Amino acid sequence: MILPIIYLCIRSFSDASEAWDLFFRERTIRTFFRTAMLIIGVTGASIAIAVPIAWFTVRSNLPFRRVITVMAILPLSIPSYVGALVVIAVLGPKGSLQQGLEMLFNVERLPEIYGLPGAMLSLTLMSYPFVLLTVRSGLFKLDMALEETSRSLGSGQVLTFFRITLPQLRSSIAAGALLVALYTLSDFGAVSLLRYETFSWSIFLQYEGFNRGLAAVQSLMLVVVAFLILFGENKMRGKGRYYRVTSGAIRPLILMSLGRWRWPVFTFCTSIIFASLAVPVAILCYWTIQGLYAGQTLDLMWGRALNSILISISASVITVVASLPIAFLSIRYPSWLNTLLEKLCYVGFALPGIVVALALIFFGINLAPLLYQTVFLLLFAYLILFLPVALGVLRASILQVNPSIEESARSLGRARFWVLMTITLPLLRPAILAGASLVFIATLKELPATLLLSPPGFQTLATSIWFAASEAFFARAAAPALLLILLASIPTTWLLLREGNLKQ
Amino acid sequence: MKPPAIRCFGLTKRYGGIDAVYDVELTLYHGELLVILGPSACGKTTLLRMIAGFEYPDRGTLAVEGRILAGPGILEAPEKRNIGMVAQDYALFPHMNVAENVSYGLDRKTDRVSRIKESLDLVGLTELEHRMPHELSGGEQQRVALARALAPKPDVILLDEPFSNLDMGLRSHLRAEVRWILKKAEATAIFVTHDQEDAMYLGDRIAVMHSGRLEQVDTPEEVYTKPLTRFVAEFMGHAQFLPVYLKDGALVTEVGKLSNTENGIQGDVIEVMVRPDDISIEADPEGGGVIIERVFLGTHYIYTVRLSSGEKIKVFSEHREKHPLFTKVVVKLNTHYYPMCLVDGEPRLRDIGVAYQRIAKKQNRA
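Listed in order, the protein sequences are those of chains F and B.
Residue 239 in the numbering used here sits at position 238 of the first sequence, with consecutive numbering throughout.
Residue 503 in the numbering used here sits at position 138 of the second sequence, with consecutive numbering throughout.
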């Protein structure tokens, strides 16, 4: 886990004066501001979209709430570069929208979509579901008595929402915003296709241009920004005082009647789903069919799909197997060493894929030449990147297993290991499956590390989409993109439907 | 004359074909503390929430201070009712400190600072103004919730199971305190509880509720000693029923003669309610009863006595009166009030006497 950071420090400070020089170079600072603007824009827009959808689907009598919820979360399975691809295809020069408008009104140019607007649009539409998920679960935990008390003290429904409900949701919003901000920060696919030079793309360009010193310095800055975001989330969450103070019966949620706003709200929710899910899928289908008519074959795609599936399954198995003992030790035997071990694993959360990839290349060349350019190094990168995901899910679930269950089993004369295998692990099975599917989805979509660490000739769906799209062969990118979305949406849907609180 | 603080006429609420609350008639006067007492799922919380405005009645009318809040074609929103509420888990707003919580319901015109101080003084928490809810103990949280509900001077204040989250020691302490605070604030309040002791401690009057109906609304003494229904008798605790016979021209039970014989009563089977504190035992080798169980409770013993008929009966005795198990005893009835009696299973009160004629007639025929 610390490996990448050690690498970056060695790399950056091997020539200290040069490093500082690079640090304050105008280009680096510009990159910093571009990155910050994108993060703020995407996070703000995601909150603005996701909080209302979450509230309407959980707490109001919105029609088709369940369908809307699933559809609004599904964009999570669309990788950012596919989103960017669609944005370019629809809104870019000679894109569908411009061509349509040209036919009708003779419009020849649309506002520029490359750069910040396009990056913001595609990243927002693909990452707002993070906030939607956290705010939804926050809404389910709300204590109705608070709202009722507020109303009995004379505040109406709207006032109560802003004075009581929204402040209670602060930590859920912060948790979702953290995910969106880190996703945006580490995103490589969308910014590279839309030519918006944030850190991750800039690092890639420096690396390709053999300017590895600058790449390392910028990577270090990227990690610093990631930690700043983590710190900011901690601040925003407040001092942990937003829990319910006492236990007691939680009242079932009360659904608010939207009255005459019911259908306008419905239109709002469906238009978001339209833009983030229906349009991308429709466009990709259209191109795939066009490509097939133009005589394109899908032969290559099946092999790459198999590569994607195999490597994603391996990554999820390795990651879950690695995270189980860490999660278990840190909860059941909380010594400082185990706690430190667990905290260190979360560092991966703040390490963008491109940084991990660069660090592992350095590590591979210098220390483990046998591993360099093999699948094992790639799997190791996935492990570093996605360990926090699996760890988070498992920890939450282990915390729910009452130690007294294990103690009863042991007092019935079973050895510790036997209890682990027969009691604890079976109880954790849902969490293990959920963690594995999350890692599977993430690996399937992962781009920068896959791009840099794949053995020569090893292509996955993700890399082939990116290569085709970066050379503007949209039609060639469409079929693998469609297949990738399909593959990722199966576990996503499964996870969603398994989630009890969808049943309302 | 001022109207009563609260009047309910025929309040009814149905859930899925079942009457959660049925035809409730209730009048509450100013400054009165009323306890709605009943087992879980008897509809008491639903009744409370209808008064607060979070449930709407299917039938009936609710008026507070002469203003109709719910009735045919009328339904006032909870925030417009001026009715304060203390939730079961207090529902302190966790993101606001004590002062902010208390001032939440005050409108702009009031002098907030002095009103906050006044309310916190009342509950004795003046120094805790800047604490956050999670920094308070259970009892303090409850007092803050009470101060918050009292601050806007509501017409009525509702408390839902206010002591159910507290342990026994704190509970009896807070009961006294909450009663004192409410009396000092001259508040009109309705409590909901399932605990008889809470109810007797807090209520000026107790309304016993069972399957959605109010079975009796009376002072604690009346409810305990003169229950109107078998349910009330049993729910208030320690009710045991003994059959009544005619012997030598007097009505008797197995444990003694009934002293009061008045007016007419009609029925074939008569039972009388005997509480364990209405009877006493005396060791006597000739006695018809045998002690089969003894429990020491500090202030007194509880003996279980098997009577010659096989009927088992519980008796409270002073803590000095220790009898070994299987001692033969005589059981004496020492009621000083008209005991409640059941005639053919139907409750009747204060008219044991006529049963005399009835039973006499029956025995003559036989």
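Backbone N, C-alpha and C define an ideal beta-carbon position, used for all residues, glycine too.
The model shown is predicted, which means the values in this text are computed figures rather than measured ones.
Cutoff 8 Å: residue i Cβ touching any chain B Cβ
| i | result |
| --- | --- |
| E113 of chain F | no |
| L352 of chain F | no |
| A175 of chain F | no |
| G101 of chain F | no |
| E545 of chain F | The question about residue 545 of chain F has no answer, for chain F in this structure spans 2 to 505. |
| F153 of chain F | Going by the sequence as given, residue 153 of chain F is Ser instead of Phe. With 8 Å as the cut-off, S153 of chain F counts as an interface residue toward chain B. |
| L384 of chain F | no |
| A358 of chain F | no |
| S156 of chain F | yes |
| A146 of chain F | yes |
| Q169 of chain F | yes |
| E149 of chain F | yes |
| I165 of chain F | yes |
| R245 of chain F | Bear in mind that a pLDDT of 46 at R245 of chain F, under 50, signals an unreliable position, so the model cannot answer this. |
| A250 of chain F | Note that A250 of chain F has pLDDT 45, beneath the 50 cutoff, so the model's placement of it is unreliable and the number below is only indicative. Yes - at least one Cβ of chain B is within 8 Å of the one on A250 of chain F. |
Closest residue to residue i among the options (Cα-Cα distance)
| i | options | result |
| --- | --- | --- |
| S471 of chain F | F:V87, F:A316 and F:M121 | F:V87 |
| A604 of chain B | B:T377, B:I644, B:L523 and B:L616 | B:I644 |
| E343 of chain B | B:G602, B:R578, B:G577 and B:S576 | Shown here, chain B extends from 366 to 731; a query on residue 343 of chain B therefore has no answer. |
| L1 of chain F | F:T125, F:T44 and F:T444 | The requested residue 1 of chain F does not occur in the structure, where chain F is confined to residues 2 to 505. |
| E447 of chain F | F:S81, F:V43 and F:E149 | F:S81 |
| H665 of chain B | B:G408, B:E441 and B:V680 | B:V680 |
| M302 of chain F | F:P281, F:A482, F:I79 and F:V71 | F:A482 |
| I230 of chain F | F:G214, F:S409 and F:A182 | F:A182 |
| L453 of chain F | F:L98, F:V322 and F:W202 | F:W202 |
| Y668 of chain B | B:K549, B:L690 and B:V509 | B:L690 |
| L426 of chain F | F:I399, F:S412, F:V440 and F:R415 | F:I399 |
| D563 of chain B | B:R544, B:G577 and B:K549 | B:R544 |
| P431 of chain F | F:V321, F:I491 and F:I204 | F:V321 |
| F441 of chain F | F:I362, F:G458, F:F475 and F:Y383 | F:Y383 |
| N547 of chain B | B:E580, B:D486 and B:K591 | In the sequence as presented, Asn is not what sits at residue 547 of chain B; that position holds Leu. The option with the nearest alpha carbon to L547 of chain B is B:D486. |
| H460 of chain B | B:H499, B:V451, B:D423 and B:D476 | B:H499 |
Proximity test, Cβ basis, 8 Å: residue i and chain F
| i | result |
| --- | --- |
| M450 of chain B | yes |
| P608 of chain B | no |
| E460 of chain B | Just to set this straight, residue 460 of chain B is His in the shown sequence, not Glu. With 8 Å as the cut-off, H460 of chain B counts as an interface residue toward chain F. |
| Q722 of chain B | Low confidence applies here, because Q722 of chain B scores a pLDDT of 49, under 50, leaving its location unreliable; read the following figure in that light. No, because no Cβ of chain F sits closer than 8 Å to the Cβ of Q722 of chain B. |
| E444 of chain B | yes |
| P517 of chain B | yes |
| D532 of chain B | no |
| A370 of chain B | no |
| A456 of chain B | yes |
Listed by chain order, chain A residues near residue i by CB distance under 9 Å
| i | result |
| --- | --- |
| T135 of chain F | In the displayed structure, chain A is absent; the protein chains listed are F and B. |
Any non-hydrogen atom of the ligand GTP closer than 7 Å to residue i Cβ
| i | result |
| --- | --- |
| K687 of chain B | In the structure on display, the ligand GTP does not appear, and there are no ligands present to speak of. |
Given 8 Å as the limit, is there contact between the stretch 383–401 of chain F and the stretch 464–471 of chain F, that is, 3 or more CB pairs closer than that? no
Is the number of C-beta pairs between the stretch 568–586 of chain B and the stretch 396–411 of chain B that are closer than 8 Å three or more? yes
Can you list the alpha helix (DSSP H) stretches of 4 or more residues lying completely in the stretch 279–338 of chain F, in chain order? 280–294 and 300–333
Does the contact criterion of 3 or more C-beta pairs under 8 Å hold for the stretch 219–234 of chain F versus the stretch 182–192 of chain F? yes
Mind checking the stretch 405–438 of chain B against chain F and listing, in chain order, the residues whose C-beta falls within less than 7 Å of any C-beta there? A417 and F419
What beta strand (DSSP E) runs, 3 residues minimum, are completely inside the stretch 489–543 of chain B? 521–525
Under 8 Å, CB to CB, which of the residues in the stretch 466–487 of chain B have a partner in chain F? Y469, G470 and D472
Which residue spans inside the stretch 390–468 of chain B form an unbroken alpha helix (DSSP H) run of at least 4? 409–417 and 463–468
Which ranges does the alpha helix (DSSP H) cover as unbroken runs of at least 4 residues, wholly within the stretch 625–680 of chain B, from first to last along the chain? none
With three or more C-beta pairs closer than 8 Å as the rule, is the stretch 422–430 of chain B touching the stretch 368–377 of chain B? yes
Taking the runs of the beta strand (DSSP E) that are 3 residues or longer, which of them lie wholly in the stretch 382–425 of chain F? none
Report the residue ranges of all alpha helix (DSSP H) runs contained in full by the stretch 422–502 of chain F; include only those spanning at least 4 residues, in chain order. 426–446, 449–454, 462–471 and 475–499
Can we say the stretch 131–143 of chain F touches the stretch 161–180 of chain F, given the rule of at least three CB pairs closer than 8 Å? yes
Count the C-beta pairs between the stretch 110–130 of chain F and the stretch 45–60 of chain F that are closer than 8 Å, then say yes if the count reaches three, no if not. yes
Could you say if the stretch 494–512 of chain B and the stretch 445–458 of chain B meet the contact criterion of at least three C-beta pairs nearer than 8 Å? yes
Cβ contact (3+ pairs, closer than 8 Å) linking the stretch 487–500 of chain F and the stretch 322–339 of chain F: no
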